[in-house]
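Mind the numbering: the sequence shown is residues 4 to 227 in the numbering used here, read in order.
Written out below as structure tokens is the structure these notes cover.
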Amino acid sequence: MEMTLEQRIALVRENIERAAGGRPVTLVGAAKTKPADLVARAVRAGLTAIGENYVQEFREKSAAGAYDGAQVHIIGHLQQNKVKYVAGQVDLIQSVDSAPLLAAIARRAASLGRVQDVLLEVNIGGEAGKSGCAPQALEGLLETAAGLDGVHVRGLMAIPPAEDARAYFAPMAHLFVDIAAKKYDNVSMDFLSMGMSDDYEDAIRQGANMVRVGSFIFGPRNYI
Ligand SMILES: *Cc1c(COP(=O)(O)O)cnc(C)c1O
Numbered sequence: 004m005e006m007t008l009e010q011r012i013a014l015v016r017e018n019i020e021r022a023a024g025g026r027p028v029t030l031v032g033a034a035k036t037k038p039a040d041l042v043a044r045a046v047r048a049g050l051t052a053i054g055e056n057y058v059q060e061f062r063e064k065s066a067a068g069a070y071d072g073a074q075v076h077i078i079g080h081l082q083q084n085k086v087k088y089v090a091g092q093v094d095l096i097q098s099v100d101s102a103p104l105l106a107a108i109a110r111r112a113a114s115l116g117r118v119q120d121v122l123l124e125v126n127i128g129g130e131a132g133k134s135g136c137a138p139q140a141l142e143g144l145l146e147t148a149a150g151l152d153g154v155h156v157r158g159l160m161a162i163p164p165a166e167d168a169r170a171y172f173a174p175m176a177h178l179f180v181d182i183a184a185k186k187y188d189n190v191s192m193d194f195l196s197m198g199m200s201d202d203y204e205d206a207i208r209q210g211a212n213m214v215r216v217g218s219f220i221f222g223p224r225n226y227i
């Protein structure tokens, strides 16, 4: 028998709890391509954070009230010309990977009198053409963040290579622990966001405390 959306959310929560062994883990429902009514239903079922990849979808579903009662995270690559639509208006931007993007977000948030929480996205697999900064570029980005009033770095995010994702969880966790120990200004290493539908339990066992689960909760996507 096919599971309902509510049952799938409950199952993911059970799996998360078992993998985390009592550590708190934030479940982010990755809702790209999914309609506002389905997202609203997931929020009613207790999903406390929704992740969106596309600014246009965020704006449409936000206007429809889909996220009311939940946090909204931007998890997809963010173009600088779209920053004005999200900075200072979402709870977390998980996909910041360059100093110019960080500065643009800080400027926009500050103009609204807000501080935008962000994660720095790391291209941990070193894949050409993929978003995320190189691990060696992280230090420079963290130093940039220290001088910006409109942003607060809350942790790291990664989308490892699909064919071998599990191999990259431990290296990401090391990076996360190393940076936390260095204590940069304006940086608190609160969240390590990694793990998706196929591997979130493994990611948690390796140290993730934020997972982004899409297709298992919302069903397969028809496009993208
Ligand atoms: C789509 C997406 C997810 C969720 O992927 P699933 O395999 O459907 O769980 C997580 N993170 C990002 C950045 C995504 O774009």
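Cβ atoms here follow ideal geometry from the backbone N, Cα and C, with glycine treated the same way.
**OP:** Keeping to the same chain, check which residues put their C-beta closer than 7 Å to that of V15; ignore five residues upstream and five downstream.
**Re:** L30, V216, F219, I220
Original post:
If you draw a straight line from the alpha carbon of K35 to that of S114, how long is it in whole angstroms?
Top reply: 28 Å
**OP:** Pick out whichever of P103, P27, R208, G116 has its Cα sitting closest to the Cα of A148.
**Re:** P103
Original post:
So with Cβ pairs under 8 Å, would you call T147 a contact of chain B?
Top reply: No chain B appears in the structure shown, which is made up of a single protein chain.
Original post:
Which residues in the same chain as N56 place their Cβ atom closer than 7 Å to its Cβ, once the five residues preceding and following it in sequence are excluded?
Top reply: The residues are K35, I78, G79.
Original post:
Using the C-alpha atoms, what's the distance from A131 back to A161?
Top reply: 15 Å
Original post:
Can you find a heavy atom of ligand 1 that lies under 7 Å from the Cβ of I12?
Top reply: no
Original post:
Do you know offhand how far A33's Cα is from R62's?
Top reply: Taking the straight line joining both Cα atoms gives about 15 Å.
**OP:** Please indicate yes or no: does the CB of I78 lie closer than 7 Å to some heavy atom of ligand 1?
**Re:** Yes; taking the cut-off as 7 Å, the Cβ of I78 has a heavy atom of ligand 1 nearer than that.
Subject >> Buried/exposed call for N84, threshold 16 Cβ in 10 Å >> reply: exposed
Subject >> T29 (DSSP reduced to helix, strand or coil) >> reply: strand
Original post:
Secondary structure at S114, three-state DSSP: helix, strand or coil?
Top reply: helix
Original post:
How would you write the range of the beta strand (DSSP E) that G91 sits in, first residue to last?
Top reply: Looking at the DSSP string, G91 is not in any beta strand (DSSP E), and its letter there is neither H nor E.
**OP:** Flag I162 as yes when its Cβ comes closer than 7 Å to any non-hydrogen atom of ligand 1, and as no otherwise.
**Re:** yes
Original post:
For ligand 1, is there a heavy atom less than 7 Å away from the beta-carbon of V154?
Top reply: no
Subject >> Contact set for Y70: own chain, Cβ-Cβ below 6 Å, skip 5 residues either direction >> reply: I53
**OP:** Output the distance between the C-alpha atoms of L105 and L50, rounded to the nearest integer angstrom.
**Re:** Cα to Cα, L105 sits roughly 28 Å from L50.
Original post:
When you compare only the Cα positions, how much space is there between V154 and P138?
Top reply: 20 Å
Subject >> Residue range of the unbroken beta strand (DSSP E) whose run includes Q119 >> reply: 119–125
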